[in-house]
Structure formats: structure tokens, C-alpha cells
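Chains A, B and C, in that order, are what the protein sequence lines are.
The letter at position 186 of the first sequence is residue 185 when you use numbering that gives the first Met the number 0, and the numbering goes up by one with no holes.
The letter at position 36 of the second sequence is residue 35 when you use numbering that gives the first Met the number 0, and the numbering goes up by one with no holes.
The letter at position 99 of the third sequence is residue 98 when you use numbering that gives the first Met the number 0, and the numbering goes up by one with no holes.
Glycine residues also receive a C-beta, built at the ideal position from the N, C-alpha and C atoms.
Notes follow the structure.
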Amino acid sequence: MIVFDKPKALSNVPLHYCPGCTHGIVHRLVAEALDALDITDRTVGVAPVGCSVFAYNYFECDMIQAAHGRAPAVATGVKRTHPDTIVFTYQGDGDLAAIGTAETVHSATRGENITIIFINNAIYGMTGGQMAPTTLPGQVTTTSPYGRDPKIQGNPVRVCEMLSTLDGVAYAERVSVDSPKNINNAKKAIKKAFQNQIDGKGFSIVEVLSTCPTNWGMSPADSLEWLRQNMMPHYPLGVYKDIDAKKEEN
Amino acid sequence: MTTKILLAGFGGQGILFAGKQLAKTAMYSDLQVSWLPSYGPEMRGGAANCSVIISEEEIGSPIVTAPDVLIALNLPSFDKFEPAIVPGGLLIADSTLIAKESTRTDIRICRIPATGLASENGLDGFANVIILGQLLKQTGIFEYQKFLDLMIGGIPAAKAALIEKNKRALEIGYNYEA
Amino acid sequence: MGQKVLMKGNEAIAEAAIKNGCLHFFGYPITPQTEISEYMAKRMPKVGGLCLQAESEVAAINMVMGAAASGTRVMTSSSSPGISLKSEGISYIVGCDLPCVIVNVQRGGPGLGGIQPSQADYYQATKANGHGDLHLFVVAPASVQEMASLTGLAFDVADKYRTPAMILADGALGQMMEPVDFAVEEKTDLPEKTWAANGHGGKRNKNIINSLFMDPNDLENSIKARFARYAEIEANETRWEELMVDDADIVIVAYGITSRICKTAINAARAKGIKVGLIRPITLWPFPKAPLAKAAETAKHFLVCELNMGQMVDDVKVAIDCARPVSFYGRTGGVMPSAEEVLAEIEKIAGGLAK
């Protein structure tokens with residue numbers, strides 16, 4: 000018998016996210032991983048600034064709300080002083096790849112034994128649709144109203160590719176939540192990113208391509224199609240680094 | 000009774016080390032003491048000076064502007080601080096490096112070729128300790144043996160040669176007739 | 000009394016932190032406080048602790064936040080420009096009611112300024128150490144001994160009232176050596192950190208460490224609750240030193256290294272028959288208003304001395320309700336006044352009073 004139930008690690012409160020937003024899916028996947036690994040009671044989550052700022056209300060583990068971009072530094076402070084806890088951050092693209100780039104890169108290169116869930120939806124959602132570090136060339140936002148021109152606004156950043164070059168990174172994978180199949184892959188990736196931490200392997204990041212129907216100005220269904228047509232070619236899904244990859248192949 | 004000592008020279012001459020030996024001995028003599036370096040961005044070669052105040056009472060300002068004792072290890076330091084020595088104070092100058100002589104008549108002047116004595120005796124780098132030996136003799140501020148024991152007390156036994164060099168340098172300085 | 004050791008002020012802060020149970024330090028090198036980081040890097044591994052050099056001051060203060068949020072006694076240190084970078088994190092730490100100790104070994108500013116001793120961050124430390132309605136418990140040591148003993152106090156007050164505490168020192172105190180005694184009193188009255196986010200173990204409800212309130216009434220209530228604790232700190236933790244105030248015509252108000260210079264000047268002035276005394280704030284926040292108000296009943300003139308352009312003057316005027324003239328003497332930019340300069344200022348004021 001298959002029972003569809005709310006994961007225990009997900010709090011019993013309504014989420015504040017917009018209709019069609021994929022944050023809810025990713026929250027569920029995180030909670031399922033906490034349940035599956037039975038680690039909620041020793042987990043500390045770090046919420047960002049951005050749409051998922053209220054994440055501290057949504058997980059049943061202890062939570063800390065960090066300043067914009069600083070979640071990996073806060074997570075470092077928790078993990079280094081409490082090595083037996085499981086520490087994760089949940090961050091959007093502005094938080095992780097713009098204002099918090101230094102904290103991201105340096106926690107990664109130090110090989111902090113933490114798990115980062117990174118939501119890439121190519122836009123600033125919380126403030127109402129401004130250009131993100133991951134906004135695609137040509138993409139219209141309120142601060143790139145004529146479409147992002149790399150000559151003016153610069154190029155978007157590919158986080159998994161960048162971090163995969165760093166020695167401290169144990170695991171970097173880009174997934175998507177646009178289809179049941181991809182959601183299943185995302186679920187495995189997120190669980191693995193937590194398992195790595197339990198096993199003491201080091202820095203693990205899962206980048207999740209996500210939609211923002213409200214600020215993209217599309218229906219949820221159209222958003223999923225836009226993600227497939229536009230984001231996936233620019234941000235290819237896949238494993239960018241996995242220190243266990245060779246072992247698994249054998 | 001308060002003694003204000005100013006040690007001045009180039010970085011690398013062991014100015015701060017010499018001041019620290021005075022401060023340490025003062026502490027173990029149950030006296031109040033402060034040691035204040037003038038610090039700059041350069042670790043070696045720039046101007047270095049250090050204020051040491053030794054007192055039976057609580058020490059106020061740790062800055063020595065009018066020294067009772069000036070130890071000058073180079074000409075710029077001599078030029079800058081010699082006029083500031085209090086009347087009745089003491090100047091100890093390394094005469095190897097400072098050819099110029101003080102014209103003051105209201106202070107005691109002690110010229111010792113510390114750098115020269117150091118090289119003659121295979122003690123390069125120990126001119127500061129030679130000067131300290133002369134300071135002990137001129138001021139009687141600390142008992143010789145106590146000062147020596149505290150100075151070499153921190154050196155690990157494995158560095159016996161270093162202990163020996165410090166001993167000899169202090170002795171040469173103390174015995175020099177200025 | 001324990002055994003005294005000769006140590007730099009910066010090293011004394013580091014050793015005192017360790018002796019007071021702080022086994023985690025996050026920092027970033029900057030002159031003139033780098034000895035703190037270096038001392039921590041050397042000592043922490045030997046006492047089972049951790050010294051981590053962060054990629055920036057911003058990261059360091061947020062590592063402190065994470066450590067404090069999970070219930071750890073933790074410290075960071077910097078000098079003026081680095082404290083500006085930390086101010087974001089400090090505001091969040093206040094907003095989350097987290098205890099920690101932040102050291103500022105001040106140098107001259109603004110901008111990159113200089114590397115010589117300064118007290119030009121008085122405003123920042125006492126009035127604006129981050130955005131929002133907030134205070135820090137701020138202590139101003141005046142000797143290497145106080146660098147150690149006030150470090151212990153800073154940790155205890157931080158833990159007791161769930162507030163960050165700042166040690167506001169300066170480059171001279173950081174670099175100078177004096178004998179120091181590290182005797183630490185056993186603390187038994189500090190509250191347990193039941194609020195910490197370090198894994199609930201299934202034994203309690205989850206803890207949330209957070210400074211965000213969407214309802215302004217909730218935010219206002221949280222601030223008022225914090226200010227109620229500030230009132231307790233003011234009542235219980237204000238500290239100062241008085242020297243020859245009772246018969247003084249002129250009362251100098253000075254803290255930190257400047258108070259030492261003033262003491263020398265005061266002794267010289269007394270020898271000349273000038274009745275001058277000193278009130279030395281040991282806590283800059285809370286500011287010791289009461290002894291100043293009391294001194295204003297008898298003193299004729301207040302002279303504020305600082306290594307800045309007169310940042311404490313307003314606090315003194317408020318404390319004495321402008322009942323007496325308040326003048327200022329100081330040097331800034333990293334210049335230290337001599338005791339003779341302060342003495343000249345005292346004599347000038349005394350001359351004016353005699354007329």
C-alpha cells in the first residue's frame with residue numbers, strides 16, 4: 000500500500016509561496032530527506048533572505064534566520080562548534096550567487112561539511128522580479144526591462160560549474176523540479192547531499208532549477224515549459240562533481 | 000620611585016627584546032611596569048622605539064616623552080630623543096653607530112661601542128644585550144644575576160649556544176668601562 | 000591572586016577569552032589587533048578549541064552568529080575598518096538576542112585611516128553599531144590587566160543578558176605589555192542556553208533564532224523586551240573609576256589609554272596645587288551618568304579627553320544636564336597626546352576658573 004502523507008520534518012503550517020512556485024516541492028524533498036535519514040532531531044537549518052526567508056517556520060528542526068547571503072558562514076559557525084549536528088542552508092540565487100558569493104565560494108573551498116540547497120529561478124522573487132545573478136541573457140526583469148544585455152548587465156553565473164573546480168567540494172549536482180522524473184532525481188540528489196554530510200564527506204550542494212510564475216508573468220504550466228526551453232540549455236542538469244563517482248561506477 | 004626608559008633605534012636591532020627583558024625583570028621584582036612599542040607597518044629596518052616605565056606606584060601614561068634613561072642605537076634616535084632626556088638623566092649611546100657626541104652637561108653620558116664589541120667577540124646581533132649589561136652597571140636598577148637568569152630562563156636548553164651568547168654579551172657590556 | 004605574566008594587551012584578551020571558556024574564535028587579520036588571531040591560532044588547537052580565519056570580516060561575524068546561535072561561547076576581533084564590515088552581523092546578532100564578544104582594537108579613521116591608536120569609534124560603539132534600535136554592552140579597558148578582566152566580564156554580561164558585548168580598546172593597549180593576572184572567578188549564576196539551535200534531540204520543541212517580524216507590533220514588543228534587559232544592564236553593570244573627584248574643581252572624563260595619560264597629568268597638576276580629578280567610564284554603554292551628575296554638584300568644570308574630535312562630550316553634557324561647562328581636549332588620527340599637553344590644558348582651565 001502506498002500512503003501519501005506529509006513528511007514529519009515539514010511543519011504543519013500553510014506555506015506562503017505563490018501559486019505554482021516550486022519552493023513547496025523542494026521544501027518537501029528536503030523534509031523527506033530529513034525523514035528518510037532520521038536526522039531532524041539533530042539538524043539545524045539556516046534560512047536565507049529572499050522568498051524562502053520564512054523557511055524557519057516550515058521545517059521541524061531547529062532553525063536560524065541569516066542575513067542576506069551569509070547563510071554558509073552562519074552554517075559554518077554552527078557546524079564547527081557542533082560537529083554532531085547536521086547543518087543545511089536553503090538559499091536563492093540572489094542570496095547565494097550575488098550578495099553571498101564570497102561566503103558560498105569560501106565555505107565550499109574550505110570543504111565545510113554542510114549541505115546547501117540552492118534555488119535557481121533566474122529572478123529576485125521577494126522584491127518583485129528584479130534581475131538575479133542567474134537571469135538569462137535577454138531575459139526581461141524589472142531591472143533589465145529591455146532584456147539582460149551581457150554588455151551592460153554582465154553575464155549570468157553558473158554556480159555548479161564554478162564550485163566544481165574547488166577542492167573542498169564533495170558533491171555538486173544541478174537538478175530540476177519541472178517533471179515527476181526530474182523531481183525524483185532531485186529527491187535522490189538532496190538525500191545524497193545530506194548523506195554526504197552524515198558520512199563526513201564535505202561540502203555538498205544541490206542546485207534546483209525552479210520557476211517563478213508570478214514574476215516571470217506566466218501560468219505555472221507555461222513556467223515549467225519556459226524553464227525547460229530556456230533555463231535547461233543554459234544550466235544543463237547533471238552531476239558536476241562527486242568524489243564518490245568513481246567508486247559508484249565500479 | 001619611577002624610572003622612565005626609552006629605547007630607540009632601527010627595527011631588527013632588538014630594541015623591543017631589550018625592553019621586554021627590563022619589563023620582565025621589573026615584574027619579577029614586584030614592581031609596576033609598562034612596555035609600549037611604537038609600531039609601524041615595517042617589521043624590519045624602520046625606526047623602532049619602545050617605552051618602558053618601571054615604578055613602585057601605579058603607572059599612568061605608558062608613553063615616555065622625557066626619559067630618565069635613553070638608550071640610543073642609531074643617529075636618528077639620538078638626534079630625536081637626546082634633547083628630551085630629563086636633567087640628571089642618563090644617555091647610553093652605541094658609539095659604533097653614533098659618532099656624534101652629546102653637548103649636554105646636565106645629563107650623564109655613557110658611550111659604549113656595543114655593535115663593535117659584538118662583532119669583535121663573535122656576538123653579531125647581541126649589541127642590544129651588551130647595552131643592557133652597561134645599563135645594569137650604570138643604573139643598578141636590577142641585580143645582575145637576577146636579570147641574567149630571567150633573560151636566559153626562557154631559552155630552551157637545546158639552544159645552549161644562544162644562552163651562552165646572551166651570557167657573554169651581558170658580561171661584556173657590564174664590564175665595559177665607558 | 001594568581002601568577003602574573005608579562006603580555007601584550009591583544010594576547011591578554013585572547014588568553015582571557017580561553018580562560019573564560021571561549022573555545023571558538025573567528026577572525027580576519029588587521030593591524031593593530033592581529034596578535035589576537037595569531038594567539039588564538041596557536042593556543043586553540045592545544046585546548047581543544049578552534050580558531051578559523053574567515054574570508055572576510057563579514058563572514059567572521061556571521062560564523063560568530065552561527066556559533067552563538069547554537070549556544071557556543073564565541074568571540075571575534077578586529078580593528079576599526081573591520082568593525083564597520085561586521086556591523087551588519089552585529090545588528091542581526093542583537094536582533095536574535097545572541098551572546099558573543101566582539102573586540103575592536105581601534106585605529107585611526109575614517110576610511111583606511113591609519114594603524115596608530117585611536118578612540119574614534121566611540122560613536123560607532125555606543126550609538127550605531129549596526130542598524131536598528133540597539134545597544135551593545137561596551138567596556139573600555141585601560142590596562143593590560145583590564146584587557147583580561149573585562150574580557151571575562153564581557154562574556155558573563157553577554158551570556159546573562161543575551162546581548163553581544165564589545166571590548167573597545169585601542170592600538171596602544173593592544174600592543175603594550177604589562178603584567179597580567181588571569182584569575183577567573185567561577186560563575187554559577189549564568190542562565191542555561193535553552194534557546195540555542197543545536198538540534199532538539201526530540202526532547203523539546205524546535206528553537207528558531209530569528210530577527211524578522213512581519214507584524215510591527217511583534218517587532219516593537221521584541222525591542223521593548225530587549226530594552227527592558229538594557230535597563231537591567233544599566234542598573235547592574237555600569238562601571239567606572241573615580242580619582243580625587245571629591246574636592247576637584249576640574250573633573251576630567253576619559254577612558255581607555257587616554258585615562259592613563261590623564262592620570263599622569265592629574266598627578267602633576269595636583270603637585271602644582273590644582274584641584275583636578277578623574278572619572279573614568281569603564282563601561283561606555285551603559286554610560287556612568289550617576290557619578291558625573293554627582294560630581295557636577297561640586298565641580299566647576301568638566302574636561303573630556305579622547306583620541307578623537309570629542310565624541311564623548313555630548314554624553315557628558317547629558318549626564319550632568321549641562322549644569323557645568325564641558326570642554327574637550329584630544330588628539331586624533333593616531334596621534335597620542337602627552338601628559339604635558341593635557342597638563343597645559345588643565346592649567347589653562349584652572350587659570351580661567353581663578354579669574
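Name the chain C residues that come within less than 9 Å of T2/B, Cβ to Cβ? Within 9 Å Cβ-Cβ: nothing; T2/B doesn't reach chain C, min ~14 Å.
Would you identify the three-state DSSP class for M0/C, choosing helix, strand or coil? Residue placement at M0/C is poorly supported in this model, since its pLDDT is 47, which falls under 50; the coordinates still yield a value, given next. In the structure shown, M0/C sits in coil (DSSP, three-state: anything other than H, G, I, E or B).
ask   = If you measure beta-carbon to beta-carbon, which residues of the stretch 98-130 of chain A are closer than 7 Å to chain C?
value = A101, E102 and H105
- Message: Tell me the DSSP secondary structure of W215/A in three-state form.
- Response: helix
Exercise. Please name the residue, chosen from R269/C, E56/C, N307/C and A353/C, that lies closest to E87/C on a Cα-to-Cα basis.
Key: Closest option to E87/C, judged by alpha-carbon separation, among R269/C, E56/C, N307/C and A353/C: E56/C.
| task | Return the Cβ separation of A196/C and A322/C in integer angstroms, given the expectation that the two are a contact with Cβ distance under 8 Å. | result | In fact, because the Cβ distance is near 49 Å, the residues do not count as touching under 8 Å.
Cutoff 7 Å; reference I259/C; Cβ partners in own chain excluding five residues on either side: Going by the sequence as given, residue 259/C is Arg instead of Ile. So the qualifying residues of the chain are A141.
*asked:* Looking at the strands, I want to know which residues DSSP matches up with T114/A.
replied: F87/A and S203/A
Using 7 Å as the threshold, is the C-beta distance between M146/C and I29/C below it? no
**Prompt:** Can you give the Cα-Cα distance for K85/C and D120/C, rounded to whole angstroms?
**Reply:** Looking at the two C-alpha atoms, the distance is approximately 13 Å.
Practice prompt. State whether the stretch 47-59 of chain B contacts the stretch 256-274 of chain C, with contact taken as three or more CB pairs (one from each stretch) at a distance under 8 Å.
Written response: yes
Measuring straight from C-alpha to C-alpha, what distance separates A65/A and A46/A? Rounded to the nearest angstrom, the two C-alpha atoms are 6 Å apart.
| message | Which residue marks the beginning of the alpha helix (DSSP H) containing R42/C, and which one marks its end? | response | T33 to R42
inquiry  = Would the stretch 68-77 of chain C count as touching the stretch 108-125 of chain C if we require 3 or more Cβ pairs under 8 Å?
reply    = no
Taking Cβ positions only, does L5/C come closer than 7 Å to chain A? no
Rounded to a whole number of angstroms, what is the C-alpha to C-alpha distance between M0/C and V179/C? Confidence is the limiting factor: at M0/C the pLDDT is only 47, short of 50, which leaves the residue's position unreliable, though a coordinate-based value still follows. Between M0/C and V179/C, the C-alpha separation is close to 11 Å.
*Give a yes or no on whether 7 Å exceeds the smallest Cβ distance from E87/C to chain A.*
yes
- Residue from P280/C, I82/C, R228/C and M64/C with nearest C-alpha to I251/C: Closest in C-alpha terms to I251/C, from the list P280/C, I82/C, R228/C and M64/C, comes P280/C.
Distance CB(G19/A)-CB(P179/A) smaller than 7 Å: It is not a contact, given that the beta carbons lie outside the stated cut-off.
**Message:** Cutting at 6 Å between CB atoms, please list the residues of its own chain near N249/A, excluding the five before and the five after it.
**Reply:** For N249/A, the predicted model reports a pLDDT of 46, less than 50, meaning its position is unreliable and no value from the coordinates is stated.
Mind checking who N216/C pairs with in its DSSP beta bridge?
N216/C is not bridged to any residue.
According to the neighbour-count rule (16 or more other Cβ atoms, all chains shown, within 10 Å of its Cβ), is N216/C buried or exposed?
-> Counting the other CB atoms within 10 Å of its CB gives N216/C a total below 16, which places it among the exposed residues.
CB contact flag (L167/C, A139/C, <7 Å): Yes. Within cutoff.
Practice task
Could you tell me whether the stretch 152-168 of chain C touches the stretch 19-29 of chain B, using the rule of 3 or more Cβ pairs below 8 Å?
Solution key: no
#### Entry: Cut-off 7 Å between Cβ atoms - residues of its own chain near M217/A, not counting five sequence neighbours on either side
W225
Please list the residues of the stretch 21-32 of chain C that have a C-beta atom closer than 9 Å to any C-beta atom in chain A, keeping them in chain order. For the stretch 21-32 of chain C, the set of positions with a beta-carbon nearer than 9 Å to some beta-carbon of chain A reads L22, H23 and F25 in chain order.
Close beta carbons around T103/A, own chain, < 6 Å, minus the five adjacent residues each side
P71 and L95
Q) For the stretch 192-203 of chain C, which residues have a beta carbon sitting closer than 9 Å to at least one beta carbon of chain D? A) Any reference to chain D falls outside this structure, whose protein chains are A, B and C.
Quiz item: Hey, is M0/C's beta-carbon within less than 7 Å of any beta-carbon in chain B?
Solution: With a pLDDT of only 47 at M0/C, under the threshold of 50, the placement of this residue in the model should not be trusted, and no figure is reported.
| request: Could you tell me which chain A residues have their CB closer than 7 Å to the CB of L211/C, listed as they occur along the chain? | output: V52 and Q64
- Query: With L72/B and G8/B assumed to form a contact (beta carbons below 8 Å), what rounded beta-carbon distance in angstroms separates them?
  - Reply: 3 Å
List, in chain order, every chain A residue whose beta-carbon is nearer than 7 Å to that of E54/C. A101 and H105
task = Could you have a look at N249/A and say whether DSSP puts it in helix, strand or coil?
result = With a pLDDT of 46 at N249/A, under the threshold of 50, the modelled position of this residue cannot be trusted; read the value that follows with caution. N249/A: coil per DSSP, three-state reduction.
Less than 7 Å between CB atoms is the rule here; does K145/B satisfy it with respect to chain C?
no
Taking 7 Å as the threshold (beta carbon to beta carbon), is T263/C in contact with chain B? yes
* To do: Anything in chain B within Cβ reach of R259/C, meaning under 8 Å, just list it in chain order.
  => I58, G59, S60 and P61
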